[in-house]
Amino acid sequence: MENVKLKINSWLYFVVFTAIVTITPLLKVQFIVGTIINATLFSAVIFLGVPQAIFLGIIPSMIVFLTNGLSFSLVPLIPFIVISNSILVVTFGVLKNRNFMLGAIISSLLKFIFLFSVSFLIVKFMIKKDLTDTITFL
0 MENVKLKINS WLYFVVFTAI VTITPLLKVQ FIVGTIINAT LFSAVIFLGV PQAIFLGIIP
60 SMIVFLTNGL SFSLVPLIPF IVISNSILVV TFGVLKNRNF MLGAIISSLL KFIFLFSVSF
120 LIVKFMIKKD LTDTITFL
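Residue numbers are given in numbering that gives the first Met the number 0: position 45 of the sequence shown equals residue 44, and the series is strictly consecutive.
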């Protein structure tokens with residue numbers, strides 16, 4: 000009976016977290032959306048485990064893409080946003096039992112560093128390419 004109850008609780012958490020990561024991107028206020036998604040991913044690691052939390056980290060980017068919630072020029076960042084969510088989840092999953100707060104801080108910093116670096120490189124590449132196309136056209 001205890002095993003059945005545990006499975007029901009896991010499914011309930013999964014359904015609730017899925018609803019949160021599906022609806023939240025529709026708010027379209029990045030500061031609020033990002034905070035809620037990250038908090039949900041941390042909670043998913045605690046209550047469901049790393050593999051399920053990684054899956055949940057894919058959903059917000061898919062919703063944003065499917066609802067045209069992201070400017071066309073930022074679409075190339077979507078796979079990197081998914082990877083950064085995975086970095087957050089895996090790092091927190093590894094560190095949470097050693098030091099919960101430190102795990103949350105380190106995983107958040109790693110996500111930020113990865114996403115900032117990739118964004119910087121992509122924007123730099125896109126600007127350089129646009130400039131080259133403009134010069135070639137002239």
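Where a beta carbon is used, it is the ideal one built from N, C-alpha and C, also for glycine. None of the values given here were measured: they were computed from a predicted structure.
Spatial distance of residue i from residue j (CA atoms)
{"i": "G92", "j": "S9", "result": "17 Å"}
{"i": "I62", "j": "F54", "result": "13 Å"}
{"i": "V28", "j": "K6", "result": "34 Å"}
{"i": "F13", "j": "V81", "result": "18 Å"}
{"i": "L76", "j": "N67", "result": "14 Å"}
{"i": "F30", "j": "N2", "result": "39 Å"}
{"i": "V74", "j": "A43", "result": "26 Å"}
{"i": "S85", "j": "G56", "result": "7 Å"}
{"i": "L69", "j": "L87", "result": "21 Å"}
Helix, strand or coil at residue i according to DSSP, with G and I counted as helix
{"i": "S42", "result": "helix"}
{"i": "V20", "result": "helix"}
{"i": "I27", "result": "Reading off the sequence shown, one finds Lys at residue 27, where the question assumed Ile. If DSSP states are grouped into helix, strand and coil, K27 belongs with coil."}
{"i": "L69", "result": "coil"}
{"i": "K95", "result": "coil"}
Enclosing alpha helix (DSSP H) for residue i [first to last residue]
{"i": "F64", "result": "V49 to L65"}
Burial state of residue i (16 or more Cβ within 10 Å)
{"i": "K110", "result": "buried"}
{"i": "I25", "result": "The displayed chain sequence assigns Leu, not Ile, to residue 25. It is exposed - the Cβ of L25 has fewer than 16 other Cβ atoms within 10 Å."}
Contact belief for residue i with residue j at Cβ below 8 Å, rounded distance in angstroms
{"i": "I45", "j": "V20", "result": "Rounded, the Cβ-Cβ distance is 15 Å, inconsistent with contact."}
{"i": "F41", "j": "A103", "result": "6 Å"}
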